[in-house]
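A.B. asks: Count the sequence shown with the working numbering and you get residues 4 to 301, in order.
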Amino acid sequence: MMLRRTADGWDIYAPAKLNFFLEVLGKREDGYHEIVTVVCPIGLYDCLRFRTDPGGHIGLTVRCAAGWKAVQATDVPLGRDNLVVRAVELLRQRSGVRSGARIDLYKRIPIAAGLGGGSSDAAATLLAANKAWALGWPQEKLMELAAELGSDVPCFIAGGPVVCRGRGEQVEPIGRWPPMWCVVAKPPAGLSTAAVYQACRPADVPNSPKALMEAAGRGDLAAVGRLLWNRLQESAMKLSPWIERLSACFSQLGCLGHAMTGSGTGYFGVFRHARNARFAARRLSSCGVEVFVVQSCR
Ligand code: ATP
4 MMLRRTADGW
14 DIYAPAKLNF
24 FLEVLGKRED
34 GYHEIVTVVC
44 PIGLYDCLRF
54 RTDPGGHIGL
64 TVRCAAGWKA
74 VQATDVPLGR
84 DNLVVRAVEL
94 LRQRSGVRSG
104 ARIDLYKRIP
114 IAAGLGGGSS
124 DAAATLLAAN
134 KAWALGWPQE
144 KLMELAAELG
154 SDVPCFIAGG
164 PVVCRGRGEQ
174 VEPIGRWPPM
184 WCVVAKPPAG
194 LSTAAVYQAC
204 RPADVPNSPK
214 ALMEAAGRGD
224 LAAVGRLLWN
234 RLQESAMKLS
244 PWIERLSACF
254 SQLGCLGHAM
264 TGSGTGYFGV
274 FRHARNARFA
284 ARRLSSCGVE
294 VFVVQSCR
């Protein structure tokens, strides 16, 4: 998350994320699934322009990056259905401030792709409002509010690579993360997170993220690639033909490893060098998917 002061407010860059590991441990009584996941932000950003409104009004405009097929303005909800509005209203209510906010959101992160764009926007809004309204809330307090907004929101408040447990809201930073290039593919059709979880059978013998985190810690990128894992991939495969198609495509591209991110349909491969990632991206773009070449953020 990058915050920058402007003449009349704050600009904040909200990154997308990739799940390098995701295991589903079981279904909870509250309806959520118990998971363990390793998440890392990547260099693909939405931008929020946050200005205080002394009149107390809360307003949001959404613009989408021109020429990007994967992000359509009509797919982004406005008003209270947008996580940005929910975040700013929640913080205003809990903090008791009277100021409002004018927020311009520039979307580049594809929607419903498992890239966490909405959650990242919500986290960015909390961080920007905390600054703009001079609240001085510590990170732990913002994290609690973030968890009320969504399971994926707290990991973006923490920033950097993290391991998340519970329904995803218990966040622990990962110290060391090797530099890497990722090629991210976004098929034209997305999947609903709820539908993918519903179709997923929790693991009888769950995988642990320990080996992947140790590989990341010693900078062993080849092992990180080998150890990518997403339990939801099997259920997403039943719901979208794109997952199997992309798995087959990435297998031909010489990457260190590949997997679906979150609940799909976004899919990614890991590369050591930028030139190999760009070459793979050129080959993939003829498959009818939108392709991004990004670095993971430490
Ligand atoms: P998840 O966090 O469930 O993995 P995702 O990464 O697959 O989600 P998002 O782009 O976050 O997908 O969007 C999921 C849904 O959230 C969208 O279909 C949209 O209706 C809603 N939404 C609310 N606020 C936003 C926002 N600011 N940007 C994008 N989508 C939003």
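Don't be surprised by glycine CBs; every beta carbon is placed ideally from N, CA and C.
Are at least three pairs of beta-carbons, each pair with one atom in the stretch 42-59 and one in the stretch 233-252, less than 8 Å apart?
C.D. replies: In short, these stretches do not touch, since the Cβ pair count stays below three.
A.B. asks: Pick out whichever of 158, 207 and 177 has its Cα sitting closest to the Cα of residue 169.
C.D. replies: On the sequence shown, position 166 is the one that residue 169 refers to. Checked all of 158, 207 and 177; the closest Cα to residue 169 is 158.
A.B. asks: Can the beta-carbon of residue 119 be found less than 8 Å from the beta-carbon of residue 155?
C.D. replies: As a working note, residue 119 is residue 116 in the sequence shown. As a working note, residue 155 is residue 152 in the sequence shown. For residue 119 and residue 155, yes; Cβs fall inside 8 Å.
A.B. asks: Between the stretch 290-300 and the stretch 208-220, are three or more C-beta pairs nearer than 8 Å?
C.D. replies: no
A.B. asks: Which residue or residues does DSSP assign as beta-bridge partners of residue 221?
C.D. replies: Mapped onto the sequence shown, residue 221 falls at position 218. Answer is none; residue 221 lacks a bridge partner.
A.B. asks: Between residue 11 and the ligand ATP, is the CB less than 7 Å from at least one heavy atom?
C.D. replies: Walking along the sequence shown from the start, residue 11 turns up at place 8. It does not: the Cβ of residue 11 is nowhere closer than 7 Å to a heavy atom of the ligand ATP.
A.B. asks: Would you mind listing the beta strand (DSSP E) stretches within the stretch 216-300 that are 3+ residues and don't spill past its ends, in chain order?
C.D. replies: Correct list: 260-263, 270-274 and 293-298.
A.B. asks: Going by the C-beta, is residue 80 closer than 7 Å to any heavy atom of the ligand ATP?
C.D. replies: As a working mapping, residue 80 is identified with position 77 in the sequence shown. Result yes, Cβ under 7 Å from the ligand ATP.
A.B. asks: With distances taken from CA atoms, which of 279, 115 and 103 is nearest residue 80?
C.D. replies: Here residue 80 is taken as the residue at index 77 of the sequence shown, counted from 1. Residue 80 has its Cα closest to that of 115, out of 279, 115 and 103.
A.B. asks: Measure the alpha-carbon distance for residue 15 versus residue 204 and round it to whole angstroms.
C.D. replies: To locate residue 15, count along the sequence shown from 1; it is residue 12. To locate residue 204, count along the sequence shown from 1; it is residue 201. Roughly 38 Å between the two C-alpha positions.
A.B. asks: Should residue 85 be counted as a contact of the ligand ATP given a C-beta to heavy atom distance under 7 Å?
C.D. replies: In the sequence shown, the residue the question calls residue 85 occupies position 82. The answer is yes for residue 85.
A.B. asks: Among all the DSSP beta bridges, which residues are the ones paired with residue 133?
C.D. replies: If you number the sequence shown from 1, residue 133 lands on position 130. Answer by DSSP bridge pairing: none, since residue 133 is not bridged.
A.B. asks: Report the three-state DSSP secondary structure of residue 200 (helix, strand or coil).
C.D. replies: Within the sequence shown, numbered from 1, the residue matching residue 200 stands at position 197. Reduced to three states, the DSSP call for residue 200 is helix.
A.B. asks: According to DSSP, simplified to helix, strand and coil, what is residue 54?
C.D. replies: In the sequence shown, residue 54 corresponds to position 51, counting from 1. Note: residue 54 maps to strand in three-state DSSP.
A.B. asks: When you compare the CB positions of residue 238 and residue 202, do they come within less than 8 Å of one another, or not?
C.D. replies: Position 235 of the sequence shown, counted from the first residue, corresponds to residue 238. Position 199 of the sequence shown, counted from the first residue, corresponds to residue 202. Yes, the pair counts as a contact, with Cβ atoms nearer than the cut-off.
A.B. asks: Which one of 10, 121, 256 and 89 has the shortest CA to CA distance from residue 186?
C.D. replies: Taking the sequence shown and counting its residues from 1, one reaches residue 186 at position 183. Measuring from the Cα of residue 186, the nearest candidate turns out to be 256.
A.B. asks: Suppose you measure from the CA of residue 86 to the CA of residue 121; what does that come to, to the nearest Å?
C.D. replies: Taking the sequence shown and counting its residues from 1, the one referred to as residue 86 is at position 83. Taking the sequence shown and counting its residues from 1, the one referred to as residue 121 is at position 118. C-alpha separation (whole angstroms): 6 Å.
A.B. asks: Spatial neighbours of residue 174 within its chain, please: C-beta separation below 6 Å, excluding the five flanking residues on both sides.
C.D. replies: Taking the sequence shown and counting its residues from 1, one reaches residue 174 at position 171. Correct list, in chain order: 157, 158, 161, 165 and 167.
A.B. asks: Bridge partners for residue 90 per DSSP, in chain order?
C.D. replies: Sequence index remark: in the sequence shown, residue 90 carries index 87 (1-based). In the DSSP output, where bridge partners are listed per residue, residue 90 has none listed.
A.B. asks: What's the C-alpha gap between residue 52 and residue 271?
C.D. replies: Looking up residue 52 in the sequence shown gives position 49. Looking up residue 271 in the sequence shown gives position 268. Using only the alpha carbons, I get a separation of about 29 Å.
A.B. asks: With a threshold of 7 Å (Cβ to nearest heavy atom), would residue 62 be considered close to the ligand ATP?
C.D. replies: Here the question's residue 62 lines up with position 59 in the sequence shown. Answer for residue 62: no, Cβ out of range of the ligand ATP.
A.B. asks: Would you kindly report the start and end of the unbroken beta strand (DSSP E) that includes residue 19?
C.D. replies: Position 16 of the sequence shown holds residue 19. Its beta strand (DSSP E) spans residues 13-30.
A.B. asks: Can the beta-carbon of residue 366 be found closer than 8 Å to that of residue 149?
C.D. replies: Nothing can be reported for residue 366, as the shown portion of the chain is limited to 4 through 301.
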